[in-house]
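The structure under discussion appears below in the form of structure tokens.
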Amino acid sequence: LLESSGESSGVNASFFGYEAPHLHAFAEHDHLKLSHGPENELDFGLSLISNDGGNDIPRETNSHGVCDVERSGGTNAEDLEIRMDLSDDLLHLIFSFLCQKDLCRAGAACKQWQSASMHEDFWKYLKFENTRISLQNFVNICHRYQNVTNLNLSGVLSAESLVIEAITFLRHLKTLIMGKGQLGETFFQALAECPLLNTLTVSDASLGSGIQEVTVNHDGLHELQIVKCRALRVSIRCHQLRILSLRRTGMAHVSLNCPQLLELDFQSCHKLSDTAIRQAATACPLLASLDMSSCSCVTDETLREIANACQNLSVLDASNCPNISFESVKLPMLVDLRLSSCEGITSASMGAVCFSRILEALQLDNCSLLTSVSLDLPHLKNISLVHLRKFADLNLRSPVLSYIKVSRCSALRCVTITSNALKKLVLQKQESLCNLSLQCHNLIDVDLSDCESLTNEICKVLSDGGGCPMLRSLILDNCESLSVVELNNSSLVNLSLAGCRSMTFLKLACPKLQVVILDGCDHLERASFCPVGLESLNLGICPKLSVLRIEAPNMSILELKGCGVLSEASINCPCLISLDASFCRQFMDDSLSQTAEACPLIEHLILSSCLSIDVRGLSSLHCLQKLALLDLSYTFLMNLKPVFDSCLQLKVLKLSACKYLSDSSLEPLYREGALPMLVELDLSYSSIGQTAIEELLACCTNLVNVNLNGCTNLHELVCGSDYCRSGDMPIDAFPPDSAPDKTKEIRESSDCQLEVLNCTGCPNIKKVVIPSTANYLNLSKINLNLSANLKEVDLKCSNLYNLNLSNCNSLEILKLDCPRLANLQLLVLFLMQLSPEPIASMHDLLVYRKFRD
């Protein structure tokens, strides 16, 4: 707090609301008043201490120690002052960021900070908003700082008395803010003592005594804000006043003598009559901005008289004035017009609007009787049309029109827009919109989401030659009346047709198109993308697609998964890398052959469940020199010779559930060395026999991952027990006492690369044996889960890390010599069901060097 004394000229700054540890030292000074209430109930004081007597009264400090050292006057106090000392410039800079309350707190730290905090630069703006301050304290502060330019007393009790008492010290005051309480005629008369005052703000206050007229008379005032106040009559005589706001002030009469007034605000002055508003506004011939929104009594006659008297009026807000129609009102200099929620505004009102040739902004929200708007205004930049229940026709012509807001106009049917500046057009949820005409040469984004009545003709408007040559983004989501969409646009980049459930035909000739969204287009039957700039495309969400044509030079990924009736496909994508045609049951050999010839860079080809693919189609795969993955799962193939002959670079071959494959179908793999690059083979749920599986594992040493899940013909898996039928010598052909160098050479040539072996759910497998002589040095994972009849497992794999034997309920013998085994999965129920005897016997057979669960 700042405290006062009439005997000295220094200033001591103490805390706001801070209970100093040495309050008793100030007890002899009656003027010292510290507040112990909340921060919004603080007392301001001013304590004047003589320059030579600063040490007689101990300062309030943040700690007892500092005060005690200073009173001692010893060396420690001097050291402390040195430690706290900062350069005056730096301290001034730091304090410039503090509010007055924090300045007082900082001033209690030391003499240097006290002196810095009292610098008049920090006290030109006195902000006492919602703060309790005594009359004497306020007068002392104003006496000490007579260069105050800004004063805020909003919410201060008896603020009127404070200003009147200290007015002689406020001759440099420029801005005064008052609020709440009572302000009488004496207050406004006293303002004449402030010749530099140019801004006065009074809010939420009662003006005058209730029966007398309140007069504001000040020759230097430029801005006057009387907001949400209560008065009977207000008279304002300010010859230099430029801005006047009487917003939400309850008064029955107002008199203005402000010849220089430019801006007048009567918003929500409900008690003012039509005549009072007319007289006040017409008394200001230079008026440029008038806000009389929510003044329900205003009529067209008043508007016409204001138009005649105020020739320079450029901004008019007459929103929420139900008695005006704006007909015959001529405001040639009008730039900004707001007529929201005016029940009398109709289509006939637009004639008067057109008279304002330089109009730039127009707001017509919630005009319930407005049915059409047709404007040809060369300077119109933005227009707002929201919640117009009967609005059906919009015709706008302006070369500089840049913003249009149209929302909740349920009856809108026709929109015509001509503009060179419009870049984005949003017409969402206009349920009745069926006719759209655009001549917007710089239009980039168009959003017509949920315009349910839009017809196929919209495509001509949005194609080349339709008036939008720069269009880049188009959203037609949920336009359920669109059945045929044909877009020929050379600039379009993004297109969304999500939810267009009635669309059956789509033809896009958009060479720059990079994104297309077709979610929910359930009835699309024919689609053409020629040409497009797409890099990826997913058509699997179009289950009824039967005919497809694509010409996309940049496309690398194409998803056709789920297009079950796709029977005709022409795919010309020279950069295509991945094609997924899973479940395309009618995808024919001709389509596959054409695709293979046109897309030679394909690396991943998924033809799972493509039941119509046969030998002729597979023979065309010789065009795919980079093919690395081929998925032929769930097909009726019986002959794989075209695959072995054509796909020499193949690394992954998936033949899951190919029920018609026989053992002889795979003979080229293990007898002729076909597919030398193959590393992954999936034969899950196939009819391949025991012998073929054994020979595959023995002879195809290049395989890394083998899947035999659900193979019913697999009865036992004993690796390294038979010779490879391709003629290779087995790894144990030499006895232990033979030449070691030869043995090592053969083993190195026969090293198996197998790392993962999956045999999940093989119902008939009973035995799995992998001895160390099998040379499976890289085998790290074996999965035998759900092998219900498995009885014996004997593994000697030096690098095995993961073994899954869950749900192998018939397991009796388990032998493990796997020093790196870290994860062994056994169903807990299986162990719990065993009696103590078999657990002991199993424990005797379990051999391993390291095991972590």
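Note that my numbering has the sequence shown beginning at 184, numbered continuously upward.
We put the CB at the ideal spot given by N, CA and C, even for glycine.
Under 8 Å between C-beta atoms of residue i and residue j
i	j	result
MET653	ASN671	no
VAL952	LEU967	no
GLU343	THR382	no
LYS411	ALA435	no
TYR817	SER839	yes
LEU577	LEU560	no
SER791	ASP814	yes
LEU356	VAL331	yes
SER502	CYS537	no
CYS623	GLY649	no
ALA785	LEU807	One detail in the question is off: residue 785 reads as Ile in this sequence, not Ala. Yes, the pair counts as a contact, with Cβ atoms nearer than the cut-off.
ASN549	SER523	yes
VAL715	CYS693	yes
LEU659	LEU680	yes
GLU446	LEU427	yes
GLU312	GLY338	yes
ALA459	VAL437	yes
Candidates the options, of which the one nearest residue i by Cα
i	options	result
LEU720	CYS683, MET686 and ALA764	ALA764
ALA492	PHE509, GLN462 and SER870	GLN462
LYS974	GLY527, SER847 and LYS949	LYS949
ILE965	ALA957, GLU995 and LEU1007	LEU1007
ILE419	ASN440, ARG431 and ASP402	ASN440
LYS727	LEU749, VAL699 and LEU701	LEU749
CYS756	CYS478, GLU742 and CYS782	CYS782
LEU542	SER993, ASN495 and ARG572	ASN495
LEU637	ASP705, SER389, VAL667 and GLY649	VAL667
ALA971	CYS942, LEU722 and ASN335	CYS942
PRO468	VAL481, GLU488 and LEU608	GLU488
Delimiting residues of the alpha helix (DSSP H) encompassing residue i
i	result
GLN395	Segment: none, GLN395 is in no alpha helix (DSSP H) and carries neither H nor E.
THR778	772–781
ILE277	271–278
SER802	798–802
GLU742	That residue, GLU742, is in no alpha helix (DSSP H); its beta strand (DSSP E) goes 740–742.
ILE724	ILE724 -> no alpha helix (DSSP H), and no H or E assigned at all.
LEU852	850–854
THR458	457–465
MET361	Counting along the chain, MET361 falls outside any alpha helix (DSSP H), though it belongs to the beta strand (DSSP E) covering 358–362.
Backbone secondary structure at residue i - three-state DSSP
i	result
ASN639	coil
LYS949	coil
ASN323	helix
CYS623	strand
SER472	strand
ASN491	helix
GLN295	helix
CYS1057	Absent from the model: residue 1057. The displayed extent of the chain is 184 to 1036, so no value can be given.
ILE587	strand
MET653	coil
ALA752	strand
ASP915	Bear in mind that the predicted position of ASP915 carries a pLDDT of just 40, short of 50, making it unreliable; the figure below should be weighed with that in mind. Coil at ASP915, not helix or strand.
GLN769	coil
ALA260	Only weak support is given to the placement of ALA260: the predicted model assigns it a pLDDT of 43, under 50, and the question is left unresolved by the model.
CYS713	strand
ASP705	coil
ASP1051	The first residue shown for the chain is 184 and the last is 1036, placing residue 1051 beyond what the model contains.
ASN223	Per-residue confidence for ASN223 stands at a pLDDT of 44, beneath the threshold of 50, marking its modelled position as unreliable; no derived number is given.
THR818	coil
GLY237	Bear in mind that a pLDDT of 38 at GLY237, under 50, signals an unreliable position, so the number given afterwards is only what the model happens to contain. GLY237: coil per DSSP, three-state reduction.
GLN443	coil
CYS894	coil
CYS693	strand
ILE419	strand
Distance between beta carbons of residue j and residue i, contact taken as under 8 Å
i	j	result
ASP628	LYS606	7 Å
GLN832	THR884	Actually they do not touch by this definition, with Cβ atoms about 18 Å apart.
ALA535	SER497	So it is not a contact: roughly 16 Å between Cβ atoms.
ILE733	PHE766	Contact doesn't hold; Cβ gap of about 19 Å is too wide.
SER532	SER508	6 Å
MET738	GLU718	6 Å
Residue-chain proximity (residue i, chain E), Cβ-Cβ < 8 Å
i	result
SER963	Judged by its chain identifiers, the structure shown contains no chain E, having just a single protein chain.
Continuous beta strand (DSSP E) stretch holding residue i: start and end
i	result
ASP628	628–630
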